[in-house]
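Shown next, in structure tokens, is the structure this report addresses.
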Amino acid sequence: MENMENMDTMNNTGNNLTLLTDFYQLTMMQAYHKAQQVSQTPQYAVFDMFYRENPNQSAYAIIAGLEQVVEYIQNLHFTADDISYLQDMNVFSADFIEYLKGFRFTGDIYAIPEGTVVFPNEPLIKVKAPIQEAQLVETAILNIVNHQSLIATKAARIVWAAAGDTVLEFGLRRAQGPDAGLYGARAAIIGGCHGTSNVLAGKRFNVPVGGTHAHSWIMSHDTELNAFRSYAKMYPHNCILLVDTYDTLRNGVPNAITVFSEMRAAGVESKRFGIRLDSGDMAYLSKEARRQLDAAGFTNAIISASGDLDEYLVTDLKAQGAKISLWGVGTNLITSKDYPAFGGVYKLAAETGTTGEWLPRIKLSENPIKVTNPAEKKVFRLYDVETGKAKADLVTLVSEKIAATSDLTIFDPIAPWKRMTLRANEFTARELLQPVFLSGKCVYSPTSVMEIRKNSIAEQATLWDEYKRLTKPHLFPVDLSQSLYDLKQKMIHEIRA
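So, in structure tokens, the structure goes:
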């Protein structure tokens, strides 16, 4: 009974995902543990989680998933069943197994807040901890943040394409499993969607849920008109009728108009009513439906659309004058079908030496994009005072400070001759990485998903539209400070010498 009570307590704050890791994380942990037993010197490390390329041809991404990372770290421990499973592998020594029995995360984690606009090659999450702890958490952090950031970014693009129209996430049935559907819905809301069809997400995250009815509702009645009447009677104040089961313009829309007319004659003032299109040429159908609805006096009737929509189709439909004001986006959003993986990585940036001093670390590659930025770092976002728009991000050494009271010259780390000088008092600097755990203690204050969404929309508004284009957008500058750039070049030359 006591064990069951403990289990219930843990489930109140989240699931124990400690074994949601790659096997080599555990074997490396054991090797680190053994080395420290020999040297009698604890080793600490700094790892950066970042990504190298924006998804979906974007110029930016939206970070999401931090709340689940917090839950993961808070529940990070090896249960008796986990220990038994690892012992049975006959891979891990008795003293390492004993260490795992008392394992808890004791380090620091810094992260860019959820909903923030982010860019390649800047740390989204920084883990500073004993190296065994920092190594173990890599896989789960990547799994959580990669997925949710991918969906949040896709949602932001679709919402931008909708240009102020309502966008609902409708993808649960096509998501790659329950967790992808649940947390994908959360991420879609963070990216800007107004609601979701996912009821569990609505309950879990306190976000709006919505929907209409299926074709089966129409097919289960003797006539389409009676199906509409029955639905309108049940839901008079939220009556969106699916009109394409048989013939959209000859039957569906006229039958909907008949029902709306009967409601009006009965004195029913519906707060929200209209039609949904799920197939066919939606530009043509929506314009013809709008003409029929307006002619009948229902100028405030909503025309919604669903059915394999994405940001490109929404843009094309709006360019063709489609009369749609509510978009239900499913498969292409919840799976990010055209770009199915975010590509975040987790790399060592610094570690302590034999005397405890911090030593920068760098990974080299024949591919320049895979050369990492060494040392523990900060990330600053620089804003234009007059417009409030973001000018650039600057990645610095952790010891550096940015003073907006002095001129600041920044440069492209790949093409350093490309320079920009920000004049004193004409810019502001905001430090992006915020403490989440300090010495193993959570200092993160949870924020509602709808508040994160609000902040995300405000974040996106700091970007000029040139950065939001769906194809070939202008690239946002992410620069290195002179000190960080010099350190990186010095390490490259020393290693390659």
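According to my numbering, the sequence shown is numbered sequentially starting from 293.
Using N, Cα and C, we set each Cβ at its ideal position, and we do this for glycine too.
Pick from the options that is closest to residue i, judged by C-alpha positions
i: Phe-630; options: Phe-342, Arg-449, Asn-435, Ser-331; result: Position check: residue 630 holds Asp in this sequence, whereas Phe was assumed. It is Arg-449 whose Cα lies nearest to the Cα of Asp-630.
i: His-486; options: Trp-509, Ile-749, Thr-754; result: Ile-749
i: Thr-313; options: Gln-332, Glu-425, Glu-430; result: Glu-430
i: Pro-528; options: Thr-310, Thr-627, Gly-566; result: Gly-566
i: Gly-645; options: Thr-739, Thr-319, Gln-332; result: Gln-332
i: Val-728; options: Asn-348, Ile-417, Met-321; result: Ile-417
i: Glu-649; options: Glu-390, Ala-472, Pro-334; result: Pro-334
i: Ala-453; options: Leu-779, Thr-701, Trp-619, Thr-627; result: Trp-619
i: Glu-554; options: Val-409, Tyr-523, Asp-573; result: Tyr-523
i: Lys-446; options: Arg-478, Ala-432, Asn-435; result: Arg-478
i: Cys-531; options: Thr-537, Asp-539, Arg-521, Thr-540; result: Arg-521
i: Val-770; options: Phe-703, Pro-470, Asn-717, Arg-788; result: Phe-703
i: Ser-596; options: His-325, Thr-319, Glu-390, Thr-504; result: Thr-504
i: Tyr-736; options: Asp-340, Ala-593, Ile-401, Val-330; result: Ile-401
i: Ile-355; options: Ile-481, Gln-468, Gln-366; result: Ile-481
i: Tyr-391; options: Glu-425, Gln-360, Ile-404, Thr-408; result: Glu-425
i: Lys-780; options: Val-560, Ile-654, Lys-683; result: Ile-654
i: Met-320; options: Ile-404, Asn-346, Ile-423; result: Ile-423
i: Gly-544; options: Gly-559, Ala-575, Glu-580; result: Glu-580
i: Pro-415; options: Leu-725, Lys-563, Asn-592; result: Leu-725
i: Val-687; options: Thr-664, Trp-709, Thr-458; result: Thr-664
i: Val-383; options: Asp-340, Val-410, Ala-327, Gln-322; result: Gln-322
i: Ile-510; options: Asp-536, Leu-767, Leu-474; result: Asp-536
i: Leu-601; options: Glu-786, Gly-357, Gly-572, Gly-589; result: Gly-572
i: Trp-709; options: Met-742, Glu-345, Gln-774, Leu-533; result: Gln-774
i: Thr-795; options: Gln-317, Thr-713, Gly-456; result: This structure gives no information on residue 795, because the portion of the chain shown stretches from 293 to 789.
Bridge-paired residues (DSSP) for residue i
i: Leu-474; result: For Leu-474, which the question treats as bridged, DSSP gives no partner whatsoever.
i: Ala-403; result: Ile-417, Gln-726
i: Cys-485; result: Per DSSP, none; premise fails for Cys-485.
i: Ser-598; result: Gly-620
i: Pro-334; result: Note: Pro-334 sits in no beta bridge, so no partner.
i: Pro-660; result: None, per the DSSP bridge assignment.
i: Arg-673; result: Asp-685, Arg-722
i: Pro-652; result: Ala-642
i: Asp-771; result: Leu-686
i: Lys-495; result: Lys-495 is not bridged to any residue.
i: Ile-532; result: Gly-566
i: Val-459; result: Trp-619
i: Pro-422; result: Tyr-336
i: Leu-714; result: Leu-700
Local Cβ density within 10 Å of residue i, reported as buried at 16 or more and exposed below that
i: Asn-315; result: A quick correction: the sequence has Phe, not Asn, at residue 315. Answer is exposed; the Cβ neighbour count stays below 16.
i: Tyr-759; result: buried
i: Gly-502; result: buried
i: Val-830; result: This structure does not reach residue 830, given that the chain is present from 293 up to 789, and the question cannot be answered.
i: Lys-393; result: exposed
i: Asp-380; result: exposed
i: Lys-615; result: buried
i: His-439; result: buried
i: Lys-681; result: exposed
i: Gln-360; result: buried
i: Met-254; result: In the structure as shown, the chain starts at 293 and stops at 789, and residue 254 therefore has no counterpart that could be examined.
Coarse secondary structure for residue i, derived from DSSP in three states
i: Trp-709; result: coil
i: Asp-796; result: Residue 796 is absent from the model: the chain starts at 293 and stops at 789.
i: Ile-744; result: helix
i: Ser-571; result: coil
i: Gln-328; result: helix
i: Phe-339; result: strand
i: Val-451; result: helix
i: Ile-549; result: helix
i: Ile-702; result: strand
i: Tyr-631; result: coil
i: Met-299; result: Because Met-299 sits at a pLDDT of 37, beneath the cut-off of 50, its placement in the model cannot be relied upon, and the following sentence gives the value as read from the coordinates. Correct three-state label for Met-299: helix.
i: Pro-500; result: coil
i: Pro-347; result: helix
i: Leu-309; result: coil
i: Ile-375; result: helix
i: Lys-733; result: strand
i: Ala-353; result: strand
i: Val-637; result: strand
i: Val-410; result: strand
i: Tyr-538; result: coil
i: Thr-241; result: With the chain running from 293 to 789 in the structure shown, residue 241 is simply not present.
i: Phe-388; result: helix
i: Thr-445; result: helix
i: His-766; result: coil
i: His-369; result: coil
i: Ile-749; result: helix
Proximity test, residue i beta-carbon vs the ligand ATP heavy atom, cut-off 7 Å
i: Thr-623; result: In the structure shown, the ligand ATP is absent, as is every other ligand, since no ligand is present at all.
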